[in-house]
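Per UniProt numbering: the sequence shown = residues 1 to 279. Even glycine gets a Cβ: it sits at the ideal position worked out from N, Cα and C.
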Amino acid sequence: MLYYEKDGVEDLVTFTAAKKLNALIKHIRKEHSHAKKGQHVYFRFKDNDGCIELKFDTPQKKDITGWTIDPHVEPCRLYRCDVNNFGSKDYPLPPSCLISVYGSPDAVPTLHYSIPLEGVADPVTLFIRRSLQGNPPPPPSTVHESTSVSSTGGASPSATVDVNKVKKVINGVLVSHYDGLTSLPMEAVPDLANKLFTLRLVNNAVRGNPSIEKFIDEFKAGLSFKRKLPKVEEHCQKFLSSFIAVSGSFANAAEALGEDWIEAIKNELGFDFNIDIDA
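Below is the structure:
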């Protein structure tokens, strides 16, 4: 997980991970109440006694002129024992790496900085997204989830959003993609079923007799119970991330679906939907 805080003229980005996700979220809310959560990803360690590491020497596809990305420690590693043990008596703090991000006045307006994560079973890349015209820090009374940073750099006032309207738009877009999704190669459907099951998006019965149609039905059923915008975003992100993890045409389908969700919610409801189609 990445989360962002202001530190004078810089942004302070924290990279952290924990096996006990609820304990990590509780810690962030308590100790970093004004932080804004970025993208989170689920992963498995490649080695039993290994670590995960952010690689900052990767060539960038997008222009980063004028931006400085400065990790506070090198190498930027989190070890499996620390990730697994956070939340126990002897591990009160989650493992983390701090990264300072600064944009000069003449920098390109937006930063989209890719950082591959090594040491994981399935390849994944995290992205630091910043803008020169950043949002002002929230007032002390603001609840942590009341504002979230979107994949397009805008702000989503989730406390004032009609979630039922959001879900209606999501389902409408999903219907328009139904034929494309259900025509995806059947050979990869069992793999997708396992990934969806791991993220608790489908039950064991569906995993045992999988189909794209059942996955969509389970997604829509789960969506109907989401009451807050961050939960809706998380639900959609898990769905997309599962398809992306299968790769190939499944990843392409997820990218198209995610783009249409973002565009439809922006056009119809006027705010940015916080999902990452590069996850």
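Own chain, CB closer than 8 Å to residue 296, minus 5 neighbours either side, in chain order
Residue 296 lies beyond the residue range present for the chain, which begins at 1 and ends at 279; the question has no answer from this structure.
Rounded separation between His-34 and Asp-11 - CA only:
By one-based count along the sequence shown, residue 34 stands at place 34. By one-based count along the sequence shown, residue 11 stands at place 11. So the two alpha carbons sit approximately 13 Å from each other.
Pick out whichever of Asp-7, Ala-264, Asp-260, Asn-204 has its Cα sitting closest to the Cα of Ile-277.
In the sequence shown, counting from the first residue as 1, residue 277 sits at position 277. Here the closest residue by C-alpha is Asp-260.
What separation, rounded to the nearest whole angstrom, lies between the Cα atoms of Lys-165 and Glu-255?
To locate residue 165, count along the sequence shown from 1; it is residue 165. To locate residue 255, count along the sequence shown from 1; it is residue 255. C-alpha separation (whole angstroms): 22 Å.
Skipping 5 residues on each side, what residues in its chain have a beta carbon closer than 8 Å to that of Tyr-3?
Stepping through the sequence shown from its first residue, residue 3 is reached at position 3. Within the same chain, Tyr-3 has close Cβ partners Val-13, Thr-14, Thr-16, Ile-28, His-32, Ala-35, Lys-36, Lys-37, Gly-38.
So which of Val-189, Phe-225, Asn-194 has the shortest CA-CA distance to Lys-168?
Within the sequence shown, residue 168 is the residue found at index 168, counting from 1. For the options Val-189, Phe-225, Asn-194, the alpha carbon positioned closest to that of Lys-168 is the one of Phe-225.
Whole-angstrom Cβ separation of Glu-5 and Ile-52, contact assumed at under 8 Å?
Working through the sequence shown from its first residue, we reach residue 5 at position 5. Working through the sequence shown from its first residue, we reach residue 52 at position 52. Incorrect: roughly 22 Å between the Cβ atoms, too far for contact.
DSSP has Phe-15 in a bridge; who is on the other side?
Within the sequence shown, the letter at position 15 stands for residue 15. DSSP, once it has assigned bridges, lists Leu-2, Cys-97 as partnering Phe-15.
Assign Asp-70 to one of three DSSP states: helix, strand, or coil.
Residue numbering aside, residue 70 sits at position 70 when the sequence shown is read from its first letter. Three-state result, Asp-70: strand.
Can the beta-carbon of Ile-262 be found closer than 8 Å to that of Ile-244?
Residue 262 sits at position 262 when you count from the first residue of the sequence shown. Residue 244 sits at position 244 when you count from the first residue of the sequence shown. Result no, Cβ atoms of Ile-262 and Ile-244 do not sit closer than 8 Å.
Only counting runs of 4 or more residues, tell me where the alpha helix (DSSP H) segments fall wholly within the segment 162–199, in order along the chain.
Fully enclosed alpha helix (DSSP H) runs of 4 or longer: 163–176, 178–182, 189–198.
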